[in-house]
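Numbering (my numbering), first residue to last: 26 to 232. Take a look at the structure set out below.
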């Protein structure tokens, strides 16, 4: 499910205009098959999950998440970056007029992320703390078989040397614990909500 970075960089996403100084860290294909207009459902699913928190599939995953958050609390890694605390998310200031005046995306509650913008085929949210600034970008792309699916990209901008060391240190954790849990959870919930999406589509078509 992991994709080359070019699957993100070679698409005409609007995020390129405002996060050109961020590095593409990871790109993943999501197990969310759907139609051309289904991105809104995926964004809603992400928003609800981010508000409630990511839950692990088993003891190892839960233990990894517990250790990570406890270390973050101990060392202050997840506290807001003082440079952005007063003005919320830095990329908001970079939005071009059409994105700034358009749909911003869902309220993410107490999640560290804040929605930046939402379009028909992409949604972006940003977070900033003492170690890193990060953007989660969700795109909606053709799957090569006549349908569409989600694509998740994580873009990062470490805060200094410590931020770079931190990103390197948590890389094994991300691949061992975070991404497998997150992607399995996304796929299960997407499948579970298939009936609701189908019903909404039929109602919209007057069936």
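Where is the CB? At the ideal position from N, CA and C, for every residue including glycine. Treat the numbers as computed from the prediction; the structure is a model and nothing was measured.
For residue 133, which of helix, strand or coil comes out of DSSP? By one-based count along the chain shown, residue 133 stands at place 108. Secondary structure at residue 133: coil, using DSSP grouped into helix, strand and coil.
Residue 218 to residue 73 span [Cα, whole Å]: As a first step, residue 218 is located in the chain shown; it is residue number 193 there, counting from the start. As a first step, residue 73 is located in the chain shown; it is residue number 48 there, counting from the start. C-alpha separation (whole angstroms): 13 Å.
Rounded C-alpha distance that separates residue 214 from residue 45: By one-based count along the chain shown, residue 214 stands at place 189. By one-based count along the chain shown, residue 45 stands at place 20. Their Cα atoms are separated by approximately 32 Å.
Are the beta-carbon atoms belonging to residue 130 and residue 140 less than 8 Å from one another? What you label residue 130 is simply residue 105 of the chain shown in a count that begins at 1. What you label residue 140 is simply residue 115 of the chain shown in a count that begins at 1. For residue 130 and residue 140, yes; Cβs fall inside 8 Å.
Nearest to residue 39 (by Cα), restricted to the options 56, 189, 205, 116: Counted from its first residue, the chain shown places residue 39 at position 14. Ranking the options by Cα distance to residue 39, first place goes to 116.
Who are the Cβ neighbours of residue 147 in its own chain at under 6 Å, not counting the five residues just before and after it? Counting from one through the chain shown, the residue named residue 147 turns up at place 122. Hits under 6 Å: 38, 164.
Short check: CB of residue 182 to CB of residue 71, under 8 Å? Locating residue 182 in the chain shown gives position 157, where the first residue counts as 1. Locating residue 71 in the chain shown gives position 46, where the first residue counts as 1. Not in contact: residue 182 and residue 71 (Cβ atoms no closer than 8 Å).
Which two residues bound the contiguous beta strand (DSSP E) that contains residue 175? Residue numbering aside, residue 175 sits at position 150 when the chain shown is read from its first letter. That run of the beta strand (DSSP E) goes 173-183.
Same chain, Cβ closer than 8 Å to residue 29, neighbours up to 5 away in sequence not counted: Looking up residue 29 in the chain shown gives position 4. Non-local C-beta neighbours of residue 29 in its own chain, meaning closer than 8 Å and more than five positions away in sequence, comprise 52, ordered along the chain.
Report back the beta-carbon spacing between residue 212 and residue 57 to the nearest angstrom; my notes put them in contact at under 8 Å. For the purposes of this step, residue 212 is taken as the residue at position 187 of the chain shown. For the purposes of this step, residue 57 is taken as the residue at position 32 of the chain shown. That pair is a contact at about 7 Å.
From what residue to what residue does the beta strand (DSSP E) around residue 158 run? Stepping through the chain shown from its first residue, residue 158 is reached at position 133. Start and end: 157-167.
What does the Cβ neighbour count give for residue 169, buried or exposed, with the cut at 16 atoms within 10 Å? Here residue 169 is taken as the residue at index 144 of the chain shown, counted from 1. Under this definition residue 169 is an exposed residue.
Please report the residue range of the alpha helix (DSSP H) in which residue 215 lies. Stepping through the chain shown from its first residue, residue 215 is reached at position 190. Looking at the DSSP string, the run of the alpha helix (DSSP H) that includes residue 215 is 204-217.
DSSP state of residue 27 mapped onto helix, strand, coil: Counting from one through the chain shown, the residue named residue 27 turns up at place 2. Strand, per DSSP.
Where does residue 147 sit, in a helix, a strand or coil, going by DSSP? Within the chain shown, residue 147 is the residue found at index 122, counting from 1. Looking at residue 147 - three-state DSSP - the assignment turns out to be strand.
Let me check understanding here. Comparing Cα to Cα, which of 150, 196, 41, 122 lies closest to residue 132? Numbered from 1 along the chain shown, position 107 holds the residue referred to as residue 132. The shortest C-alpha separation from residue 132 is found at 150.
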